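Student: The sequence shown begins at -13 in my numbering and counts up by one. Note that the Cβ used here is the ideal one computed from N, Cα and C, for glycine as well. All values reported here derive from a predicted model rather than from experimental measurement.
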Amino acid sequence: MENIKVGIIGGAGYTAGELIRLLINHPKTTINFVFSTSNAGNKISHIHQDLVGSLDLKFTDTVNPDVDVLFLCLGHGNSVKFLENNTFSDKTKIIDLGNDFRLEKDKVFDGKNFVYGLPELEKETIKSANYIANPGCFATAIQLGLLPLAEKNLLNNDVHINAVTGATGAGTSLSATTHYTWRDNNFSYYKPFTHQHLGEINQSVKQLQNDFSSEILFMPNRGNFSRGIFATIYTDFEGTVEEAISMYKHFYKNAKFTFISDANIHLKQVVNTNKCIIHLHKHNNKLLITSVIDNLLKGASGQAIQNMNLMFGLEETEGLQLKGTYF
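(1) Hey, out of D54, K235 and E(-12), whose CA is closest to E106's CA?
(2) Should D42 and K(-9) be called a contact, given that it needs their Cβ atoms to be closer than 8 Å?
(3) Given that a residue counts as buried once 16 or more other Cβ atoms are within 10 Å of its Cβ, and exposed if not, what is Q129?
(4) Would you list the residues sitting across from G(-7) in a DSSP beta bridge?
(5) For Y234, which three-state DSSP category applies?
(6) Smallest Cα separation from E137: which of N196, N172, T167 and K91?
(7) Checking the sheet assignment: what are the DSSP bridge partners for Y175?
(8) What does DSSP give as the partner residues of L104 in its beta bridges?
(9) Determine the contact status of F173 and N207, defining contact as a CB-CB distance below 8 Å.
(10) Measure the C-alpha to C-alpha separation of Y0 and N281 and round it to an integer number of angstroms.
(11) Using alpha carbons as the reference points, say which of F45, R213 and Q292 lies closest to A241.
(12) Identify the continuous beta strand (DSSP E) that holds K239 and give its terminal residues.
(13) Considering only their Cβ atoms, is the gap separating F124 from H323 smaller than 8 Å?
(14) If distances are taken between C-alpha atoms only, which option among L58, N28 and I6 comes closest to F45?
(15) Closer than 6 Å by C-beta to T111: which residues in its own chain qualify, once you throw out the five before and the five after it? Chain order, please.
(16) Considering only their Cβ atoms, is the gap separating T276 from T221 smaller than 8 Å?
(17) Which runs of the alpha helix (DSSP H) fall wholly inside the segment 85 to 170 and span at least 4 residues, in chain order?
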């Protein structure tokens, strides 16, 4: 099999940088072009400086319509606009890292049916898909924490979620809350109870538990660290913690990157990896689910590569055996 020819759109952001880093170390891919109108002609390593000595490619403002797979790393709402203005071969598979196609009402575009790309939920469908809507970062961590309960129809009360994301979750554009002087030694919430990832979270929960009618109460927070998501979730649960652990381990028995830990967990276990690690704790009638991921990898670019591997019949872990930045 020849190497998979890859095109990347929106190449200057954090997710594109991580995608490039993964792809140049992936044994079955070749980067054909990286599209960025604002950086056309510049060396990619001038923007993604960790790639100095690893990549001699330049950004371009033209596309090759015949690449095998196209990754869209554009701002939310911009993937539709790009695809309206650019045509690709019918053989080109597309993986969108934005939110344009994640919801059921948005999944069909120009005859293309986008499959929701959470492998722990849709692995078999992803294998035969040509178009993927990559999940959001908060949505990934939270869904992986909830889906085993939904499968057993056990989400019958409100779900409370408090989750913290690192500064890279806000993207590369500067704002009042991304400057170092504001973010350092600071902590804040944003979009309380209204975060855009709630739509896909509710959609996946109802896919497994169609009578789910309780509220998912989500409080997103900004942390003063660069990357990672630490999510704590709690809801009513009548069983024992041992029963919950058994249920979660069974649900994820074939998952290549989602693991149940018997000990308390922390972010350094997953940063720079494609892992999701989950820990369960029972207090009175409440089950506490802790879920941690790297927002740029399992929450974005790593999961996109995982989906690509499935779509092209590769080993799911190909190019994703990454060592966490523990020290």
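Tutor: Well, looking at it:
(1) The option with the nearest alpha carbon to E106 is K235.
(2) no
(3) Per the 10 Å Cβ criterion, buried.
(4) F19 and L56
(5) helix
(6) It is N196 whose Cα lies nearest to the Cα of E137.
(7) N207
(8) BP columns for L104 are empty, so no partner.
(9) yes
(10) 10 Å
(11) Q292
(12) It is not in any beta strand (DSSP E) - K239 carries neither H nor E in the DSSP assignment.
(13) Here the chain covers residues -13 to 313 and nothing more, so residue 323 does not appear.
(14) Taking only the C-alpha atoms, the option nearest F45 is N28.
(15) V101
(16) no
(17) Unbroken alpha helix (DSSP H) stretches of 4 residues or longer found wholly inside the segment 85 to 170: 105 to 113, 123 to 137 and 166 to 169, given in chain order.
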